[in-house]
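*Asks:* The following block contains the structure, expressed as structure tokens.
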Amino acid sequence: MSSPHPESGPPRIFVLEDEAEIARLICASLAEYGFRCEHLSTGRQLLARARQATPDLCIVDLGLPDMDGMQVVRELQEGSPCAVLILTGRNDVTDRVLGLELGADDYIVKPFEPRELVARVRSILRRYQRAAPVEPVERSLARFGTWVFDSGQHTLTAADGREVGLSAAEAGLLTTLLQRPNKILSREQLLGERDVDPFDRSIDVRISRLRRKLDDDPHNPKLIKTVYGAGYLFSTQVSWE
Numbered sequence: 001m002s003s004p005h006p007e008s009g010p011p012r013i014f015v016l017e018d019e020a021e022i023a024r025l026i027c028a029s030l031a032e033y034g035f036r037c038e039h040l041s042t043g044r045q046l047l048a049r050a051r052q053a054t055p056d057l058c059i060v061d062l063g064l065p066d067m068d069g070m071q072v073v074r075e076l077q078e079g080s081p082c083a084v085l086i087l088t089g090r091n092d093v094t095d096r097v098l099g100l101e102l103g104a105d106d107y108i109v110k111p112f113e114p115r116e117l118v119a120r121v122r123s124i125l126r127r128y129q130r131a132a133p134v135e136p137v138e139r140s141l142a143r144f145g146t147w148v149f150d151s152g153q154h155t156l157t158a159a160d161g162r163e164v165g166l167s168a169a170e171a172g173l174l175t176t177l178l179q180r181p182n183k184i185l186s187r188e189q190l191l192g193e194r195d196v197d198p199f200d201r202s203i204d205v206r207i208s209r210l211r212r213k214l215d216d217d218p219h220n221p222k223l224i225k226t227v228y229g230a231g232y233l234f235s236t237q238v239s240w241e
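Residue numbers (UniProt numbering): 1 to 241.
This is the structure in structure tokens:
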């Protein structure tokens, strides 16, 4: 069974890539900036390794010899939730959006510039570091509607006692919304970054996933409302304990 977080030290990254030369390029580029890398060449190897030790981030190639990369992303999020960067030769918008829907944080298309890959890895890890609680806080339990959210444990509980799993990024986003209920928050505020690419759909996809987990009708959401041209608004009363 994996530990919830890797031991302290440089971020650990698992690189799932069946082409040895590309894997060497990725690992060398990341090592130059202080990251620890482990190369795995099949999806099954990666999933087994992630169960032993949870990485900070996985770079997942979609074209694999033993299983579809999308399935790897899905099983990672179900069994060993972590940050995911999709690496793909498929320059298809549908594939990229599906990857984000399954829980990936970002994607990069082959052929890629190593510096861009490093920049995307850093950006994803910054989001996760902001989402992860540094130390326990006294007021970590939020109640809203029929839900209870424990920001320290990243657990969301329904009125019937059912627990809904959240990734670290989803928990961080929900915490931000709950801390500022009934206020419009821009995509930049929700991502915690000053500049957001206007074509970056990662926050929109994450909002969509949160709505599904909160049983919030995406066609007529009551909890997380879209304010067109401005951002999102969490429309309910929240009490913290």
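For each residue, glycine too, the CB sits at the ideal point set by N, CA and C. Since we're looking at a predicted model, the values are computed, not measured.
(1) Only counting the same chain, and skipping five residues up and downstream in sequence, which positions put a Cβ closer than 8 Å to that of Ile184?
(2) Alpha helix (DSSP H) containing Leu46: first to last residue?
(3) In whole angstroms, give me the CA-to-CA distance for Glu116 and Ala159.
(4) Quick one: residues in its chain with C-beta nearer than 7 Å to the C-beta of Glu135, no 5 flanking neighbours on either side, listed in chain order?
(5) Out of curiosity, what's the CA-to-CA distance linking Thr236 and Asn182?
(6) Over what stretch of residues does the alpha helix (DSSP H) that includes Cys27 continue unbroken?
(7) Locate the alpha helix (DSSP H) running through Val227, then write down its first and last residues.
(8) Quick check: what's the CA-CA separation for Gln52 versus Leu166?
(9) Using three-state DSSP, classify Leu125 as helix, strand or coil.
(10) What would DSSP say about Ser167, mapped onto helix, strand or coil?
(11) State yes or no: is the C-beta of Tyr128 within less than 9 Å of the C-beta of Asp56?
(12) So who's on the other strand from Gly231, going by DSSP bridges?
(13) Measuring alpha carbon to alpha carbon, tell me which of Gly145, Asp61, Ala48, Arg126 ends up nearest Tyr107.
(14) Starting from Glu38, trace the beta strand (DSSP E) both ways and give me its first and last residue.
(15) Alpha carbon to alpha carbon, how far is Ser208 from Leu25?
(16) Looking only at its chain, what residues have a beta carbon closer than 6 Å to the beta carbon of Ser151, apart from the 5 residues adjacent to it on each side?
(17) Where does the unbroken alpha helix (DSSP H) through Val97 begin, and where does it stop?
(18) Answer with buried or exposed for Ser239, where buried requires no fewer than 16 other C-beta atoms within 10 angstroms of its C-beta.
(19) Based on the DSSP secondary-structure assignment, which residues constitute the bridge partners of Ile13?
(20) For Arg120, which residues in the same chain have their Cβ closer than 8 Å to its Cβ, ignoring the five residues on either side in sequence?
*Replies:* Considering the structure as presented:
(1) The residue you call residue 184 lines up with position 184 of the sequence shown. Closer than 8 Å at the Cβ level, and outside the excluded window around Ile184, lie Val227, Ala230, Gly231, Tyr232, Leu233.
(2) In the sequence shown, counting from the first residue as 1, residue 46 sits at position 46. Here the alpha helix (DSSP H) through Leu46 covers 43 to 52.
(3) Indexing the sequence shown from 1 puts residue 116 at position 116. Indexing the sequence shown from 1 puts residue 159 at position 159. Each residue's alpha carbon lies about 44 Å from the other.
(4) If you number the sequence shown from 1, residue 135 lands on position 135. For Glu135, the predicted model reports a pLDDT of 43, less than 50, meaning its position is unreliable; a value from the coordinates is still stated below. Excluding residues within five positions, none has a Cβ falling inside 7 Å.
(5) Here residue 236 corresponds to residue number 236 of the sequence shown, with the count starting at 1. Here residue 182 corresponds to residue number 182 of the sequence shown, with the count starting at 1. Distance between the alpha carbons of Thr236 and Asn182 is about 7 Å.
(6) The residue you call residue 27 lines up with position 27 of the sequence shown. Its alpha helix (DSSP H) spans residues 20 to 31.
(7) On the sequence shown, position 227 is the one that residue 227 refers to. No alpha helix (DSSP H) holds Val227; the beta strand (DSSP E) holding it covers 224 to 227.
(8) Residue mapping note: residue 52 aligns to position 52 of the sequence shown, counting from 1. Residue mapping note: residue 166 aligns to position 166 of the sequence shown, counting from 1. Each residue's alpha carbon lies about 20 Å from the other.
(9) For this step, residue 125 is matched to residue 125 along the sequence shown. Leu125 falls in the helix class under three-state DSSP.
(10) Looking up residue 167 in the sequence shown gives position 167. Three-state result, Ser167: coil.
(11) Locating residue 128 in the sequence shown gives position 128, where the first residue counts as 1. Locating residue 56 in the sequence shown gives position 56, where the first residue counts as 1. Contact flag set, yes.
(12) For the purposes of this step, residue 231 is taken as residue 231 along the sequence shown, with counting starting at 1. Answer is Val227, bridged to Gly231.
(13) The residue given as residue 107 occupies position 107 in the sequence shown. Comparing Cα-Cα distances from Tyr107 to each of Gly145, Asp61, Ala48, Arg126, the minimum goes to Asp61.
(14) In the sequence shown, the residue the question calls residue 38 occupies position 38. 36 to 40 is the extent of the beta strand (DSSP E) around Glu38.
(15) Stepping through the sequence shown from its first residue, residue 208 is reached at position 208. Stepping through the sequence shown from its first residue, residue 25 is reached at position 25. Using only the alpha carbons, I get a separation of about 34 Å.
(16) The residue labelled residue 151 in the question sits at position 151 within the sequence shown. Ser140, Thr175.
(17) The count along the sequence shown starts at 1 and reaches residue 97 at position 97. Start and end: 93 to 101.
(18) As a first step, residue 239 must be located in the sequence shown, where it is residue number 239. That one is exposed.
(19) On the sequence shown, position 13 is the one that residue 13 refers to. Answer is Cys37, Leu57.
(20) In the sequence shown, the residue the question calls residue 120 occupies position 120. Within the same chain, Arg120 has close Cβ partners Leu85, Asp106, Ile108.
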